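Sequence lines, in order, name chains A and B.
The letter at position 24 of the first sequence is residue 79 when you use my numbering, and the numbering goes up by one with no holes.
The letter at position 61 of the second sequence is residue 116 when you use my numbering, and the numbering goes up by one with no holes.
Every residue, glycine too, gets a C-beta built ideally from N, C-alpha and C.
Only a predicted model underlies this, so the values are computations on that prediction, with no experimental measurement involved.
Below you'll find the structure, written out as structure tokens, and then a few comments.
There are 2 protein chains.
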Amino acid sequence: MDLNPRTPRIPPPPGARRVRMVLAYDGADFLGWQRQPVSPSVQATLEAAFAQLLGVPVAVHACGRTDAGVHAEGQTAHADLPPAARLPLPALQKGLNALLPDSVRVLSLRPASPLFHARYDALAKQYRYRVWNAPVEHPLHRRTAHHVRAPLDLPAMRAAADLLLGTHDFAAFAANPHRDQSSTVRTLHALSLVKKGPLLEIRVLGDGFLYKMVRSIAGHLLRVGRHAVPPSETTAILDSRLRTARVETAPARGLSLYRVYYTRLPSRL
Amino acid sequence: MDLNPRTPRIPPPPGARRVRMVLAYDGADFLGWQRQPVSPSVQATLEAAFAQLLGVPVAVHACGRTDAGVHAEGQTAHADLPPAARLPLPALQKGLNALLPDSVRVLSLRPASPLFHARYDALAKQYRYRVWNAPVEHPLHRRTAHHVRAPLDLPAMRAAADLLLGTHDFAAFAANPHRDQSSTVRTLHALSLVKKGPLLEIRVLGDGFLYKMVRSIAGHLLRVGRHAVPPSETTAILDSRLRTARVETAPARGLSLYRVYYTRLPSRL
């Protein structure tokens with residue numbers, strides 16, 4: 056979300072065309088989205104595939120910079136294709152997927168308006184945090200779900216979740232609230248807990264998220280579920296605007312950027 | 056299933072106690088269930104953990120020998136614990152899970168009657184074959200689902216599935232029908248196709264399965280779904296009792312031994 060509505064939109068250079076893409080990746084194989092000097096990042100991996108196909112560097116801008124280990128099922132990004140890139144988009148998508156490691160895929164690639172911006176234009180994002188809640192971890196879920204052995208009190212977690220809904224200063228739920236944000240106020244449109252057998256999904260829809268905010272919300276709800284903190288404490292923690300050890304950050308492996316919304320919000324998660 | 060009801064049941068040696076366990080594993084990390092001279096097998100991995108905990112060799116007998124790459128969510132096995140193994144079962148289960156790689160887990164471990172046999176006493180097994188049916192493979196499903204790009208005709212697949220139900224000679228759906236079975240007649244109690252978004256599950260319940268039979272059934276249904284063969288051909292293929300190129304073996308990664316039934320069959324899959 057663009058917190059400043061006057062952020063200038065920069066169109067593609069003359070002759071270039073802007074495209075938008077939906078991406079999925081297995082975060083276990085990457086040190087996060089953002090290009091970095093050392094490490095495999097999703098951004099650098101994608102940009103290398105674009106460069107190899109088109110012969111010139113292409114910058115890919117994502118809606119959100121996922122952290123090391125965090126997955127994506129619906130990350131959205133934009134890029135400007137140079138004038139020389141005459142390849143039709145379906146062929147370009149196929150070419151990218153053929154070059155990419157199987158831990159990253161371009162799920163869709165389509166034309167965007169010249170001023171489309173994957174981050175500024177996003178109305179909201181949905182994240183899903185997955186928990187395998189059983190006495191024993193499950194080998195087939197170990198890469199995409201955090202294992203919690205103790206039984207979880209779902210009604211207590213839902214009571215705490217309800218207190219987080221709406222517009223609040225979420226500084227107490229950010230790992231480093233003043234890192235790069237001028238404001239720590241965000242709006243959670245929905246926060247629901249869906250349980251199918253031992254698999255619990257914490258689904259969060261919000262207009263924007265602070266650094267490690269979803270993992271902090273998940274960590275807090277899990278503490279509430281284990282009765283380490285009463286649900287009613289949630290409001291006091293929010294109001295403190297201070298990040299303390301009362302809020303835990305749940306591990307990256309359970310988190311997935313599920314979808315980004317540009318035109319309207321979903322009616323349910 | 057014990058095809059010969061007079062197969063002798065051998066009780067544990069004096070002082071030993073028989074246990075049964077439910078196992079889950081990520082087949083991608085193993086060359087199958089069965090202990091082999093070279094290779095990591097699930098059986099050898101488990102037996103090594105038992106031996107390390109108890110100080111003596113323990114043989115683990117599974118209901119079914121899954122192939123290389125095939126997963127399990129509910130493999131069932133039995134073993135005889137030596138008289139010296141005084142550890143309570145919950146502690147033994149925890150110890151095993153602490154020693155095992157995270158690609159294998161003992162989901163439950165409990166006492167069994169002295170004549171219980173994981174293979175001979177099984178009434179039926181359920182396998183699930185997973186297909187990610189979308190133009191692009193999904194990084195988070197690539198380890199546990201076979202990717203099929205082409206749209207699939209589900210009604211045609213269901214029509215073919217119905218022709219496979221019941222008791223038949225399944226020689227045409229076995230990779231090597233005469234490898235170790237005296238009879239190639241088996242009974243499929245249920246065969247249902249469940250689709251959730253791009254994820255298709257072929258769920259099969261049968262009294263027993265020939266070598267690569269589930270993957271052959273999945274491969275055949277997928278050919279029917281792509282209109283490579285009409286559903287009505289299914290009966291002719293069955294009746295031929297000959298394995299030919301008309302039946303494909305679907306890749307191992309999509310297959311999972313979902314559950315073994317010992318007392319009664321499930322009312323639905």
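Requested in this report: May I have the straight-line CA-CA distance separating residue 237(B) from residue 126(B), to the nearest angstrom?
Outcome: As a first step, residue 237(B) is located in the second sequence; it is residue number 182 there, counting from the start. As a first step, residue 126(B) is located in the second sequence; it is residue number 71 there, counting from the start. So the alpha carbons of these two residues sit roughly 27 Å apart.
Query raised in the report: Run through DSSP, which three-state label would residue 209(A) get?
Result: Here residue 209(A) refers to the residue found at position 154 of the first sequence. Here DSSP, grouped into helix, strand and coil, assigns residue 209(A) to helix.
Query raised in the report: Which chain A residues are close to residue 81(B), counting only those with a beta carbon under 7 Å from its beta carbon?
Result: Residue 81(B) sits at position 26 when you count from the first residue of the second sequence. By Cβ distance, chain A contributes 194, 195.
**Report entry** Where residue 193(A) sits in the DSSP three-state scheme
**Finding:** Along the first sequence, read from residue 1 onward, the residue named residue 193(A) stands at position 138. For residue 193(A), the secondary structure class from DSSP, reduced to helix, strand or coil, is coil.
Query raised in the report: Any C-beta of chain B sitting closer than 8 Å to the C-beta of residue 158(A)?
Result: Sequence index remark: in the first sequence, residue 158(A) carries index 103 (1-based). Output row for residue 158(A): interface = yes.
Query raised in the report: What first and last residue would you give for the alpha helix (DSSP H) that runs through residue 180(B)?
Result: The residue given as residue 180(B) occupies position 125 in the second sequence. Where residue 180(B) is concerned, there is no enclosing alpha helix (DSSP H), although the beta strand (DSSP E) it sits in stretches over 179-188.
Query raised in the report: Would residue 278(A) pass as a contact of residue 256(A) if the rule is Cβ separation under 8 Å?
Result: Here residue 278(A) is taken as the residue at index 223 of the first sequence, counted from 1. Here residue 256(A) is taken as the residue at index 201 of the first sequence, counted from 1. Not a contact, by the Cβ cut-off of 8 Å.
Query raised in the report: Quick one: which chain B residues come within Cβ less than 7 Å of residue 126(A)?
Result: For the purposes of this step, residue 126(A) is taken as residue 71 along the first sequence, with counting starting at 1. Correct list: 195.
Report task. Would you verify that the beta carbon of residue 152(B) is, or is not, closer than 8 Å to some beta carbon of chain D? Result -> Looking at the structure shown, chain D is missing, and the protein chains on hand are A and B.
Requested in this report: Figure out for me which residue from 273(B), 240(B), 197(B) has the closest Cα to the Cα of residue 207(B).
Outcome: Position 152 of the second sequence, counted from the start, is the residue given in the question as residue 207(B). Ranking 273(B), 240(B), 197(B) by Cα distance to residue 207(B) puts 273(B) first.
Query raised in the report: Around the C-beta of residue 290(A), are 16 or more other C-beta atoms found within 10 angstroms, so that it is buried, or is it exposed?
Result: Position 235 of the first sequence, counted from the start, is the residue given in the question as residue 290(A). The residue is exposed, with fewer than 16 neighbouring Cβ atoms inside 10 Å.
Query - residue 245(A) versus residue 195(A): straight-line alpha-carbon distance, rounded - result: Counting from one through the first sequence, the residue named residue 245(A) turns up at place 190. Counting from one through the first sequence, the residue named residue 195(A) turns up at place 140. Computed Cα separation, rounded: 29 Å.
Query raised in the report: If you drop the 5 nearest sequence neighbours on each side, which residues of the same chain put their C-beta closer than 8 Å to that of residue 248(A)?
Result: Numbered from its first residue, the first sequence carries residue 248(A) at position 193. So the list reads 209, 212, 213, 216, 255, 256, 257, 258, 276, once near-sequence residues are dropped.
Query raised in the report: How is the beta strand (DSSP E) around residue 256(A) delimited, first residue to last?
Result: On the first sequence, residue 256(A) is found 201 positions in, with the first residue counted as 1. Going by DSSP, residue 256(A) is part of the beta strand (DSSP E) stretching over 254-261.
Query - Distance, residue 69(A) Cα to residue 173(A) Cα - result: Along the first sequence, read from residue 1 onward, the residue named residue 173(A) stands at position 118. Along the first sequence, read from residue 1 onward, the residue named residue 69(A) stands at position 14. Rounded to the nearest whole angstrom, the CA to CA distance from residue 173(A) to residue 69(A) is 20 Å.
Query - Closer than 8 Å to chain A by CB, residue 199(B) - result: If you number the second sequence from 1, residue 199(B) lands on position 144. Closer than 8 Å to some Cβ of chain A, the Cβ of residue 199(B) qualifies, so yes.
**Report entry** C-alpha gap between residue 99(A) and residue 190(B), whole angstroms
**Finding:** Here residue 99(A) corresponds to residue number 44 of the first sequence, with the count starting at 1. Here residue 190(B) corresponds to residue number 135 of the second sequence, with the count starting at 1. The straight-line gap from Cα to Cα measures roughly 24 Å.
Query - Rounded Cβ spacing between residue 88(A) and residue 74(A) (contact assumed at less than 8 Å) - result: Here residue 88(A) corresponds to residue number 33 of the first sequence, with the count starting at 1. Here residue 74(A) corresponds to residue number 19 of the first sequence, with the count starting at 1. Going by Cβ atoms, the distance from residue 88(A) to residue 74(A) rounds to 18 Å, so no, they are not a contact pair.
Report task. Could you list the residues in the stretch 104-121 of chain A with a C-beta less than 7 Å from some C-beta on chain B, going in chain order? Result -> Interface annotation for the stretch 104-121 of chain A against chain B: empty, criterion Cβ-Cβ distance under 7 Å.
**Report entry** residue 148(A) in three-state terms, based on DSSP
**Finding:** Numbered from its first residue, the first sequence carries residue 148(A) at position 93. Correct three-state label for residue 148(A): helix.
Requested in this report: Select from the stretch 160-174 of chain B all residues with a C-beta closer than 9 Å to any C-beta belonging to chain A, and list them in chain order.
Outcome: Answer set for the stretch 160-174 of chain B: 160, 161, 162, 163.
Report task. Taking C-beta pairs closer than 8 Å, name the residues in chain A that residue 249(B) reaches, listed in chain order. Result -> Sequence index remark: in the second sequence, residue 249(B) carries index 194 (1-based). Neighbours of residue 249(B) on chain A: none; closest Cβ ~13 Å, over 8 Å.
Query raised in the report: Between residue 307(A) and the rest of its own chain, which residues show a CB-CB distance below 8 Å, the 5 nearest in sequence each way excluded?
Result: As a first step, residue 307(A) is located in the first sequence; it is residue number 252 there, counting from the start. Scanning its chain for C-beta atoms nearer than 8 Å, with the 5 sequence neighbours on each side dropped, one finds around residue 307(A) the residues 82, 122, 123, 124, 125, 270, in chain order.
Query - Boundaries (first-last residue) of the alpha helix (DSSP H) holding residue 294(A) - result: Here residue 294(A) corresponds to residue number 239 of the first sequence, with the count starting at 1. Start and end: 288-295.
Report task. Could you check what DSSP says for residue 201(B) in three-state terms: helix, strand or coil? Result -> Start at 1 with the first residue of the second sequence, and residue 201(B) comes out as number 146. The DSSP-derived three-state label of residue 201(B) is strand.
Query raised in the report: With a CB to CB cut of under 6 Å and the five nearest residues on each side skipped, what residues in its chain are close to residue 109(B)?
Result: Locating residue 109(B) in the second sequence gives position 54, counting from the first residue. Cβ neighbours of residue 109(B) beyond the five flanking positions: 140.
Requested in this report: Would you mind stating whether residue 312(B) and residue 119(B) have Cβ atoms separated by less than 8 Å?
Outcome: Translated into positions along the second sequence, residue 312(B) becomes position 257. Translated into positions along the second sequence, residue 119(B) becomes position 64. Yes, the pair counts as a contact, with Cβ atoms nearer than the cut-off.
Report task. Name, going along the chain, the residues of the stretch 299-318 of chain A whose beta-carbon falls closer than 8 Å to a beta-carbon of chain B. Result -> Taking 8 Å as the Cβ-Cβ cut-off against chain B, the residues of the stretch 299-318 of chain A that qualify are 311.
Query raised in the report: So is residue 203(B) in contact with chain A if we call contact Cβ pairs under 8 Å?
Result: On the second sequence, residue 203(B) is found 148 positions in, with the first residue counted as 1. It does not: the Cβ of residue 203(B) has no partner Cβ on chain A nearer than 8 Å.
Requested in this report: Flag this pair as yes or no: are the beta carbons of residue 227(A) and residue 183(A) separated by less than 8 Å?
Outcome: Taking the first sequence and counting its residues from 1, the one referred to as residue 227(A) is at position 172. Taking the first sequence and counting its residues from 1, the one referred to as residue 183(A) is at position 128. Against a cut-off of 8 Å, the Cβ pair of residue 183(A) and residue 227(A) comes out as no contact.
Query raised in the report: Do residue 113(A) and residue 134(A) come within 8 Å of each other at the CB atom, strictly closer than that value?
Result: Reading the first sequence from its first residue, position 79 is the one you call residue 134(A). Reading the first sequence from its first residue, position 58 is the one you call residue 113(A). Contact flag set, yes.
Query raised in the report: Are any of the Cβ atoms in chain A nearer than 8 Å to that of residue 191(B)?
Result: Start at 1 with the first residue of the second sequence, and residue 191(B) comes out as number 136. Judged by the 8 Å Cβ criterion, residue 191(B) is in contact with chain A.
Query raised in the report: Roughly how many angstroms lie between the CA atoms of residue 281(B) and residue 188(B), to the nearest whole one?
Result: Along the second sequence, one-based indexing puts residue 281(B) at 226. Along the second sequence, one-based indexing puts residue 188(B) at 133. Put simply, the backbone Cα of residue 281(B) is about 11 Å away from that of residue 188(B).
Query raised in the report: What residue from 225(B), 239(B), 185(B), 160(B) has the CA that sits closest to residue 105(B)'s CA?
Result: As a working mapping, residue 105(B) is identified with position 50 in the second sequence. Here the closest residue by C-alpha is 160(B).
**Report entry** Proximity to residue 101(B) [Cα-Cα], best of 94(B), 151(B), 223(B)
**Finding:** Sequence index remark: in the second sequence, residue 101(B) carries index 46 (1-based). Each of 94(B), 151(B), 223(B) was checked against the Cα of residue 101(B), and the nearest Cα belongs to 151(B).
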